[in-house]
Structures are given as C-alpha cells and as structure tokens.
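Numbering (our numbering), first residue to last: 5 to 432.
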C-alpha cells in the first residue's frame, strides 16, 4: 500500500549554510571584492589636481566667461531687437555677489563638469532680479518626489528649503532636471588612473626614485641586526642617506619597476588625449600648436555648453509673460576677434553683399560711427540710400529718385504694350 509522504519535507539547501562551498571560491571572491573596494574614488578636488582636467575646464570656462550674454526680443513682425536691463548687467558685469561675472561663470562651469551641477540663487524683490549668488554644489542637496512622470523637487541649502524657480541651474547629461552627471562619474577609470599616476610619481620623487624590494639572507638574522637594517632602509627611502651597507650573505631583490620600465611618460600622453576627448577639447589645444580645424572643434564644444546655459536662462531668468517673446543668446562674434585677418575678411564679405554697413562694422570694432548711410550697388560707382530712396552716381554727379525711376519704367512698359493695360473698373 502506497502512502503519500505528507509528513516528509524536502531538505532546503541555503546559500549561507551550504557546507559544500569551495574555500578557494571564497578566497577568489574576497580578492575580487577587495580589488573593487580598493578602486580610487575621484572627488572634484582630486580631479582638478590632474593638469589635463584643469586645463580643459580653464579653456572652456575662460572662453565662455569672456563672451557677453545678451537678451533679445522678437517682435510680431519678426524683427529682433536687443534689450538691456538689470539682468544683462548682472550676468555680464556685476552679479551683486562677492564674485564678478567672469568668476561666476567659471565657478558654474567647473561645477557643471565636475559636480552635481552649477547652481545660483536668484535674489528677487517682486519680479525684479536684484542679484545672482553662486552656491557651491557641495552645499546643495536635492529632495525629490517618487513620481517618475510628474517630477518635482526642493533644493536644500544647509537645511533650508527652496523651490526650483528660485535657482538658476546648468546641468550636464541630466535625466531628471535636478542634478548633473559629472565627468568623474561617467569615466571614473581614466580619471582614477591619471590621478594614481600623479600619486605614484609623488611617492617616487619623495623616496628618491628608490625601488621597492625585499632582502634575502642565507643565514638567520638577529633582532638587533634586523632593526638596524630596517632603520637604514627607512633613511634610504626618506632621502636621509644614499647608501645602505649589507653584510655578506644578505642580498636585495627588487620588486618593482622604474617609471621608464612602466612607460609612464607614454601612458601619461595617451591618458591626456583620452581626457581631452571626455571634454571634447582637441589635445593640441592643451599641448600647443592647434590647427584651424582644432579651433573650430573646440568652438563647437563651447557652443554645446552655451546652448545649455541659454536654455537654462530662458527657463529661470525670464518672466512667464516674457517666455516665447524674449530669449537669451551669447554674442559669439567675440570668438573671432582673436584673428584680425579672418575678422576683416568676414567684414569685407558683409559689406560687399550689403548685409552690413560701415557703421555696423565700426560698432562691432568698438569704434565711433561716422554717419555713412550709403551702400554700394554694383561697379563700386553707384550709391543708394535706403532711407531716402535716392541713387547717386559719382562719375556723372547725378542724383536720382528711386520712386521716379520706378514710375518711368512702369510707364514705358505700358506704352510698349497698350493692350495689356487694364481698363478702369476691370478686374484681373
């Protein structure tokens, strides 16, 4: 007679009580865990100690902070005009804080790349902005809700809560609109390796370049002799003395390579190139002798950052009634001021194609206007005044009215083709 084994339970095998675990597997796991936990954690301060990181941020921040940021208004007719108010003065000249405008933008861009984002408190009285105050990203904490769709958050500064519209924010590679992903978070290995190289070189120099190693002895060494050896090597590695005398039967065995054997110089060069790629900066801009193409690529990188800043300014520094009509934009023509030949050639093209006038060019060069309102119309001999509609020909000293010329052309056409004229009251 078969009996169902209701009273029997299948023995459970738990991971934490399994006696069949291989001790070698546990050792390998501990080694792997130790390796992972021993990975260098790179903070913003450590990253800035890497020369290439510092150089890339200085290049980008220095370029952007030197450009004026302007406020523009788009009219119903499509005409764009520049608007000057207290906001443009604050962003370009005096922030109202202890930082100047240039220092403000440099600090914001540094936090943009290496912190949780650039944050600045907007000090308002009513709807008028009185000042903008940079806040170090290490002083910022984010308290966000749990809704993945209708996201909302508060900004905490030393325990005091603020709403998002009270802060101007520039964020890099954000997915929540609250915090950035820093370069160090995105690429911890290459930044960590570069920092570790600096630490290794420091230790190498501090120890006088002496290699690490161990002693081999055929005979037993007494405690007193061992202590003397330790003291001698301690002085050797602290550069207090240059020589340690070993008795017969004791040999020193090296256990490390020199910087030449490790190819540190070659590795540093390749790591410099890789870090430059992270910032989108050609390595020649850091090392010297950049080509025109390198400069163009660098300007494109700056343009990406400027686009982020402009969008943030439109969101945080415009009134709700101004959005859609006003917008912020950097004056990028300043980027070409460094090359006078290219700049003047661009002005020449603008004058020849008649989309620039002499006084407009002089204004861009910070020169006084001369009141020249004429533009050329072919052969460099015919001048046209768009305000009065007059045409002047210097060769014949003739001054004509454009409206009269247009009327004469219309009458001539009608006389040559009388059948095509419309009778009074007829419709096309």
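We put the beta carbon where it would ideally sit given N, CA and C, even for glycine.
Everything numeric in this text was worked out from a predicted model, so none of it was measured.
Residues bridged to residue 104 (per DSSP): Position 100 of the chain shown holds residue 104. Bridge partners of residue 104: 98.
Buried versus exposed call for residue 39 [16 or more other C-beta atoms within 10 Å across all chains shown]: Sequence index remark: in the chain shown, residue 39 carries index 35 (1-based). Residue confidence for residue 39 is low, a pLDDT of 41 falling below 50, so the modelled location carries little weight and cannot support an answer.
Contact between the stretch 54-70 and the stretch 290-302 (3+ Cβ pairs under 8 Å): yes
Residue 290, buried or exposed, once every other Cβ within 10 Å from all chains shown has been counted against 16: One-based indexing of the chain shown puts residue 290 at position 286. The residue is buried, with at least 16 neighbouring Cβ atoms inside 10 Å.
Residue burial classification, residue 139 (beta-carbon count within 10 angstroms, cutoff 16): Walking along the chain shown from the start, residue 139 turns up at place 135. With 16 or more other Cβ atoms within 10 Å, it is buried.
DSSP state of residue 285 mapped onto helix, strand, coil: If you number the chain shown from 1, residue 285 lands on position 281. Residue state, collapsed to three classes: coil.
Distance CB(residue 122)-CB(residue 173) smaller than 8 Å: For this step, residue 122 is matched to residue 118 along the chain shown. For this step, residue 173 is matched to residue 169 along the chain shown. Going by C-beta atoms, residue 122 is nearer than 8 Å to residue 173.
Reference residue 330, options 405, 82 and 77, closest by Cα: The residue you call residue 330 lines up with position 326 of the chain shown. Taking only the C-alpha atoms, the option nearest residue 330 is 77.
Stretch-stretch touch, CB-based, cutoff 8 Å, three pairs: the stretch 86-101 with the stretch 127-135: yes
Which residues DSSP lists as bridging residue 76, in chain order: Against the chain shown, residue 76 aligns to sequence position 72. Answer is 86 and 331.
Nearest-angstrom Cα separation, counted from residue 281 out to residue 95: Here residue 95 corresponds to residue number 91 of the chain shown, with the count starting at 1. Here residue 281 corresponds to residue number 277 of the chain shown, with the count starting at 1. Taking the straight line from one Cα to the other gives about 30 Å.
Start and end residues, alpha helix (DSSP H) containing residue 69: Reading the chain shown from its first residue, position 65 is the one you call residue 69. From DSSP, the alpha helix (DSSP H) with residue 69 extends over 55-69.
Completely contained alpha helix (DSSP H) runs for the stretch 357-398, where each covers 4 or more residues: 362-368
Proximal residues to residue 54 (C-beta, below 8 Å), its chain only, five neighbours per side dropped: By 1-based counting over the chain shown, the position of residue 54 is 50. Correct list, in chain order: 195, 198, 199, 202 and 279.
CB-CB length for residue 391 against residue 368, believed under 8 Å: Sequence index remark: in the chain shown, residue 391 carries index 387 (1-based). Sequence index remark: in the chain shown, residue 368 carries index 364 (1-based). Not a contact, Cβ separation roughly 21 Å.
As assigned by DSSP and simplified to three states, the class of residue 445: In the structure as shown, the chain starts at 5 and stops at 432, and residue 445 therefore has no counterpart that could be examined.
Where residue 354 sits in the DSSP three-state scheme: The residue labelled residue 354 in the question sits at position 350 within the chain shown. Here residue 354 sits in helix by DSSP.
Residue environment, residue 312, which counts as buried when at least 16 other CB atoms sit within 10 Å: Residue mapping note: residue 312 aligns to position 308 of the chain shown, counting from 1. When all chains shown are included, residue 312 counts as buried.
Any chain C beta carbon closer than 8 Å to residue 305: Any reference to chain C falls outside this structure, which holds one protein chain only.
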